[in-house]
Every structure is written in C-alpha cells, then in structure tokens.
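Just so it is clear: in the sequence shown, position 285 is 275 by the numbering used here, and no numbers are missing. Structure record follows, encoded as structure tokens.
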Amino acid sequence: MSKTLITGGAGYIGSHTAKTLAVRGRDVVILDNLSYGHRDFLKWGEFEEGDLADTAFLKDVFSRHDIEEVVHFAAFIAVGESVAEPRMYYENNVRNTLNLLGAMQDADVERIVFSSTAAVYGEPQTATLAEDHPLAPLSPYAWSKRMVEQVIRDYGEAYGLKSAILRYFNAAGADPAAEVGERHQPETHLIPLILHTALGIRESIKIFGTDYDTPDGTCLRDYIHVTDLSVAHALALEHLANGGESDIFNLGNGNGFSVREVIDMAREVTGGNIPVETTERRAGDSPALVSSSEKARNILGWQPQHADVRDIIETAWKWHQKDCR
Ligand code: UFG
C-alpha cells in the first residue's frame, strides 16, 4: 500500500496525526530530525531520522518508500524567537520546505497538507476570522508560513500540486488515551504552563495583560483539541485523494475563551490551587483570535468532537500528570 509521509511526526500535532492516520488504516512514514520532536512519540508507522535541509536524505527517503501524499508539520514555531532570529525561521521553515516540495516533485508526489497558522491574519478586523480575511503576518514565524502558503499555491498553478493549507487556531489538549500529548522545550503555551503550575512544577502562571478590550481584560483565544485537528488532516488528505480542489481551511471551534476563563476551568478540572501573577502584555499578542471554520465543516465534513474547553483541559491534565511524573 502506498504511504503517507509526515514531516515533524514526532512533534505535538504531528504525533497525534500519525496516530489518527494509523487508526484509520494508513501506512505512515515519519520524518523528523528530533530537534524538537520526541523519540517516545514515535508509536505509529516507520521512522526516518533526518533533516529537510539534507536534500540527498530526502531523495533517498522518497526512493525507498512508495509515498503518495505528504503532511508537512516540521517547522520552528516560537513567535518571539522568530523576531530575534529570522534567519533560523526563513531557512528552516521556508528553504527546507522548498527542499521538500522539490523532492516531492522529483518523485511525482502530488498531494500535500500543510500546517499553517491563524497568525497569518495578524490583527483581526472582524470578530471571527474566515479564510478570506486579509493577511498581515506580524512576525517572521507568521511570514514564513504565509510565504510557504504562496509557494504551494504557485506550484499548484504551475505544476499541478494538490494542496490543503490548514490554518490552526490554538492547538491544545492531548490524546484522550494519553499515548502522546503536548511537550515543548521550553514551554511557552498557556494550558501546559497552567497545568505545570497545578502540578507544582511552577510557582504561578503569569497573565500577560489584563487591560485588553475584552470582557475580562485578558486575551481571547479559540482552543481546538489536537485530536480534532488531527482528524481534519485525515479528512483533508481524503479530500485531495478523492479529487477535491486545493483549498485553505481554518481550524478552530469558533468560541473565544479568555486567559482567566481557561485558568478558572483548569482550577475546576485539577482541583488545584493555581496562583496567578498579572504582568504586562506580551509583545505581538492579538486581543482576540477566533475562527470561523464553516468551510472545513462544509467541504471536509469536519466535526470537532472535543469542542468543550473542559474536555480539552481534562485530556491535557491526564497527559501532564503522566508525563511530568
Ligand atoms: N498567555 C499568558 N501567560 C502565559 C502564556 C500565554 O497569559 O504564560 C496568554 C497569551 O498572552 C495568549 C494566550 O495566553 O493570550 C495563549 O497564548 P499561547 O502562547 O498559548 O498561544 P498563542 O495564541 O500566543 O500562540 C498560538 C500558537 C502559535 C501561533 C499563534 C497565532 O502557539 O504558534 O497561536 O496563531 F502563531
């Protein structure tokens, strides 16, 4: 059977997607350099350890496996770091993606699902963001994703590359069976940091800004369960395999939760005392990022199963209790 290549498949969203595809009967090959990925997240499929910068390695991987489609996650993701080190971001996220696309073309692999981000929209001009909202990336990280989106679209026009570009809102939660979950080094994301505080690994959670123009003054985000995200990748692959049009899809639940609401829910779920410290705004944060994901629902038939933020935090809590033991 022909296989699905997952770059960055040892990372957070990549490993959940590897599980989802394997459960749905796909043969997967994971390509990861383990710079941020985790060897213990490699539970499904075959593993190719190497770097997208290495074109000979890529050629070899495509020659040894019968790959018919690619899901491309491998990228650096820290917004703040990208501002300080844009070269790292453009080389890894853009140049190395060109290597991947070149190797795909040389091997006649015509379908790709690309991991993009709501960060390509920049400052929201409407309460919810649909795919046709203007694009205004605010960081080299967001620009790197935006640039790759364009390259993929251009390759589609010129070479027939079929693509689904998926713009995630805030990926959160963990595999309900806790086989994999969220583990970043260093951790910067809100929910893991709150749960580390509940576990006593950190003393407090800092709230970055309490003077936003939002109901309680803290930022609103659209948290989307990582398993629901992973299913959207499977559906996007099926859409392309069935001859569906190349397209761009937002992935979120369409509900904004404030930082304080997330902390309160985590207190309920964990029963723990979660001390809070309020601090200045973090540079580059939007007051609110909430999706309209109607297109993914209508075209891909995507239906999030863990849309409740309690469910998101409960699955993350189960994972963190296991992972941080
Ligand atoms: N926050 C805090 N304290 C913390 C960490 C975060 O108050 O210690 C706040 C942030 O200010 C933000 C919210 O919690 O309002 C969520 O922050 P995260 O860092 O968890 O997530 P972001 O919304 O900043 O980032 C996510 C993805 C990025 C992506 C971005 C925009 O992780 O990759 O959404 O799409 F670029």
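Where a beta carbon is used, it is the ideal one built from N, C-alpha and C, also for glycine.
Legend entry - Cβ neighbour criterion (16 or more within 10 Å) applied to residue 22: Per the 10 Å Cβ criterion, buried.
Inset, instruction - Could you name each continuous alpha helix (DSSP H) segment of 4 residues or more that falls completely within the segment 112 to 169, going from the start of the chain to the end? - result: Fully enclosed alpha helix (DSSP H) runs of 4 or longer: 130 to 149.
Legend entry - residue 130 burial status per 10 Å Cβ neighbour count (16 or more: buried): By the 10 Å Cβ count, residue 130 comes out buried.
Inset, instruction - Inspect the beta-carbon positions of residue 59 and residue 227 and report whether they are closer than 7 angstroms. - result: At the C-beta level, residue 59 and residue 227 come within 7 angstroms of one another.
Legend entry - Residue closest to residue 88, alpha-carbon to alpha-carbon, out of 135, 216, 173: Residue 135 is the option with its Cα nearest to residue 88.
Legend entry - residue 194, DSSP secondary structure in three states: Residue 194: coil per DSSP, three-state reduction.
Inset, instruction - On a CA-only basis, which of 197, 280, 110 is nearest residue 250? Give me that one, please. - result: If we check each option's Cα against that of residue 250, 197 comes out closest.
Legend entry - Helix, strand or coil at residue 276 [DSSP, three-state]: Residue 276: coil per DSSP, three-state reduction.
Inset, instruction - Please name the residue, chosen from 166, 82, 272, that lies closest to residue 178 on a Cα-to-Cα basis. - result: In terms of Cα proximity to residue 178, the closest of 166, 82, 272 is 272.
Inset, instruction - Kindly examine the ligand UFG and report whether one of its heavy atoms sits closer than 6 angstroms to the Cβ of residue 245. - result: False, no ligand heavy atom lies under 6 angstroms from that Cβ.
Legend entry - Buried versus exposed, by CB contacts within 10 Å (16 or more), residue 243: Residue 243 should be labelled buried.
Inset, instruction - Confirm the yes/no value for this check: CB of residue 55, any heavy atom of the ligand UFG, distance under 6 angstroms. - result: For the ligand UFG, not one heavy atom lies less than 6 angstroms from the Cβ of residue 55.
Legend entry - heavy atom of the ligand UFG below 6 angstroms from residue 198 C-beta: Yes, Cβ of residue 198 sits closer than 6 angstroms to a heavy atom of the ligand UFG.
Inset, instruction - Taking only heavy atoms of the ligand UFG into account, decide whether any of them is closer than 6 angstroms to the Cβ of residue 183. - result: Inclusion of residue 183 in the 6 angstroms shell around the ligand UFG follows from its C-beta lying nearer than that to a non-hydrogen atom of the ligand.
Inset, instruction - Take every Cβ of the segment 287 to 301, pair it with every Cβ of the segment 116 to 125, and state whether three or more of those distances are shorter than 8 angstroms. - result: Too few Cβ pairs lie closer than 8 angstroms, so no.
Inset, instruction - Measure the beta-carbon distance from residue 286 to residue 239 and round it to whole angstroms, keeping in mind my assumption that it falls under 8 angstroms. - result: Beta-carbon to beta-carbon, residue 286 and residue 239 are separated by about 4 angstroms, close enough to satisfy the 8 angstroms threshold.
Legend entry - Whether residue 184 touches residue 253 by CB criterion (7 angstroms): Using a Cβ distance threshold of 7 angstroms, residue 184 and residue 253 count as a contacting pair.
Legend entry - Top-ranked residue by Cα proximity to residue 27, from -3, 43, 225, 55: When -3, 43, 225, 55 are compared, the shortest CA-CA separation from residue 27 is found for -3.
Inset, instruction - Please say whether residue 83 and residue 65 have beta carbons closer to each other than 7 angstroms? - result: Yes, these two residues count as a Cβ contact at 7 angstroms.
Legend entry - Of the residues 258, 105, 189, the one placed nearest residue 301, counting alpha carbons only: With distances taken between Cα atoms, residue 301 lies closest to 258.
Inset, instruction - Report yes if the CB atom of residue 57 is closer than 7 angstroms to the CB atom of residue 35, and no otherwise. - result: One thing to note: residue 57 has its Cβ no nearer than 7 angstroms to the Cβ of residue 35.
Inset, instruction - Report yes if the C-beta of residue 272 is less than 6 angstroms from at least one heavy atom of the ligand UFG; otherwise report no. - result: The closest heavy atom of the ligand UFG lies less than 6 angstroms from the beta carbon of residue 272.
Legend entry - Cβ distance (whole Å) where residue 159 is taken to contact residue 281 below 8 angstroms: About 5 angstroms separates the two Cβ atoms, so the contact holds.
Legend entry - Nearest-angstrom Cα separation, counted from residue 174 out to residue 143: Roughly 30 angstroms separates the two Cα atoms.
Inset, instruction - Check residue 33 in the structure and name its three-state DSSP category. - result: It is coil, neither helix nor strand.
Legend entry - Integer Cβ distance of residue 147 from residue 106, believed to fall under 8 angstroms: Not confirmed; about 18 angstroms, so no contact.
Legend entry - Contact under 7 angstroms by Cβ, residue 161 with residue 216: Their beta carbons are under 7 angstroms apart, which means residue 161 touches residue 216 by this criterion.
Legend entry - Range of the contiguous alpha helix (DSSP H) that encloses residue 52: Taken as a continuous stretch (DSSP letters only), the alpha helix (DSSP H) holding residue 52 covers 45 to 54.
Legend entry - Closer than 6 angstroms: residue 128 CB and nearest the ligand UFG heavy atom: No; taking the cut-off as 6 angstroms, the Cβ of residue 128 has no heavy atom of the ligand UFG nearer than that.
Inset, instruction - Confirm, please, whether the CB-CB distance from residue 86 to residue 24 is below 7 angstroms. - result: Their beta carbons are not under 7 angstroms apart, which means residue 24 does not touch residue 86 by this criterion.
Inset, instruction - Look up residue 240 in the DSSP assignment and give the residues it is bridged to. - result: Residue 240 is bridged to 157.
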